[in-house]
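*Asks:* Here it is, the structure in full.
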Amino acid sequence: MAEDRNILLCLGFGYVARALAATLDRGTWAVIGTVHRGSNETAAEGVTLVLFDDAGDAIARATHILVSVPPDENGDPVLGQHGSRFAGSTALRWLGYLSTTGVYGDTGGRTVDESAALVPTHERGRRRVKAEFAWQDHAKANALPLHIFRLAGIYGPGRNVLDQVRDGTARRIVKPGHAFSRIHVDDIVQALTLSMAKPQPDAIYNLCDDEAAEQAEVVAYACRLLGAPVPPPVEFEEAVKTMSPMARSFWDDQRLIDNSKIKRDLGFALRYSMYREGLTAILEGERGPTTTGRGARRRRK
4 MAEDRNILLC LGFGYVARAL AATLDRGTWA VIGTVHRGSN ETAAEGVTLV LFDDAGDAIA
64 RATHILVSVP PDENGDPVLG QHGSRFAGST ALRWLGYLST TGVYGDTGGR TVDESAALVP
124 THERGRRRVK AEFAWQDHAK ANALPLHIFR LAGIYGPGRN VLDQVRDGTA RRIVKPGHAF
184 SRIHVDDIVQ ALTLSMAKPQ PDAIYNLCDD EAAEQAEVVA YACRLLGAPV PPPVEFEEAV
244 KTMSPMARSF WDDQRLIDNS KIKRDLGFAL RYSMYREGLT AILEGERGPT TTGRGARRRR
304 K
């Protein structure tokens, strides 16, 4: 790899990392993604894949690192296996960690910004809080240019309610007043790109669109876009009886997210400020290259 190119290392090469890699000019960027042994993950065009266990050399050379590996019961896997390798990095100019707005827990519908207390409701959120703190401590001890991005529910091509309507799994669950925040993958990529171009170490940013919406409303809109029948409403009290614990956990919290900080700091302007714009663009992208949107991608966390 040419030494005059930026080197982006994606520790975890999933949905967001792939979307980011697809936008970078290979004339000025080299991209490396990590996979686990035995993974069936295939490389994207112009991306070098390496085993997660063998990422030490890439960490030492990377100018930019994106961490999207989720924490487990033992803590953050990246810090656990590779934390010491960050300490000696002289090339690193930007380090991004993808977290979740789930760290805020349930606010009863109140709006929270990045200064709000972190009181997660479920174990996944508690693990994320511990991981954020661990990364902040490691960054402070080793002068790392850490940026934390707290993401709302991610959707985009190959990962959206349109697919659920098509395959018949969409349910229109009615819980009045319970709205969810979302963020289109293209807007996550835009935010990461802006941050990489203008690093502000120690920054924490919420990433969501401007209009939280009830699940039933989103399903109904997707049906109208596809010309499909709208499923009958299912009251939440009935729907919850057949939900998995994971699905139920998303309904336990109700909060609204303030996204104004990243707009102020980075001049970030949402491409899709509400779900209606995002879903419409996804559908147009599927229907042909002359319309807007990226086209379909494989579903991948």
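Residue 184 in this note's numbering sits at position 181 of the sequence shown, and the numbers go up by one each step. Note that the Cβ used here is the ideal one computed from N, Cα and C, for glycine as well.
Find out if the Cβ-Cβ distance for the pair Q139, D205 is shorter than 9 Å.
*Replies:* Yes; because the gap between Cβ atoms is below 9 Å, this pair is in contact.
*Asks:* Check whether the region 70 to 89 and the region 227 to 242 touch, using three or more Cβ-Cβ pairs below 8 Å as the test.
*Replies:* These segments do not touch.
*Asks:* In this structure, how does DSSP classify N9 when only helix, strand and coil are distinguished?
*Replies:* strand
*Asks:* Whole angstroms are fine: how far does the CA of R129 sit from the CA of E76?
*Replies:* Looking at the two C-alpha atoms, the distance is approximately 10 Å.
*Asks:* With 16 as the cutoff for other CB atoms within 10 Å, does F271 come out buried or exposed?
*Replies:* Classification of F271: buried, given that the 10 Å Cβ count is 16 or more.
*Asks:* How far does the beta strand (DSSP E) with Y158 in it extend, from its first residue to its last?
*Replies:* 156 to 158
*Asks:* V237 bridges to which residues according to DSSP?
*Replies:* I176
*Asks:* When DSSP labels each residue in this structure, what does S263 get in the three-state scheme?
*Replies:* Annotated three-state conformation of S263 is helix, per DSSP.
*Asks:* Can you look up R274 in the DSSP assignment and give me helix, strand or coil?
*Replies:* coil
*Asks:* Where do the N-terminal and C-terminal ends of the alpha helix (DSSP H) with V81 fall, by residue?
*Replies:* 80 to 90
*Asks:* Applying the 10 Å Cβ sphere with the 16-neighbour rule, what's the burial state of G180?
*Replies:* Flag for G180 reads exposed.
*Asks:* Can you tell me where the alpha helix (DSSP H) with S198 in it begins and where it stops?
*Replies:* From DSSP, the alpha helix (DSSP H) with S198 extends over 188 to 200.
*Asks:* Could you have a look at D28 and say whether DSSP puts it in helix, strand or coil?
*Replies:* coil
*Asks:* What do you get for T31, buried or exposed, if any count of 16 or more other CB atoms within 10 angstroms of its CB means buried?
*Replies:* exposed
*Asks:* Our contact map puts I186 next to A155 with C-beta atoms below 8 Å; I'd like the distance itself, whole angstroms only.
*Replies:* 5 Å
*Asks:* So, are the CB atoms of N209 and T104 less than 9 Å apart?
*Replies:* yes
*Asks:* Compare the Cα-Cα distances from E44 to each of D213, K244, K201, A20 and report the closest residue.
*Replies:* Nearest Cα to E44 within the set D213, K244, K201, A20: A20.
*Asks:* List the endpoints of the continuous alpha helix (DSSP H) containing H141.
*Replies:* For H141, the enclosing alpha helix (DSSP H) has its first and last residue at 126 to 145.
*Asks:* How many Å lie between R301 and D190 at the Cα?
*Replies:* In this prediction, R301 has a pLDDT of 35, which is less than 50 and means its spatial position is unreliable; nothing more can be read from the coordinates.
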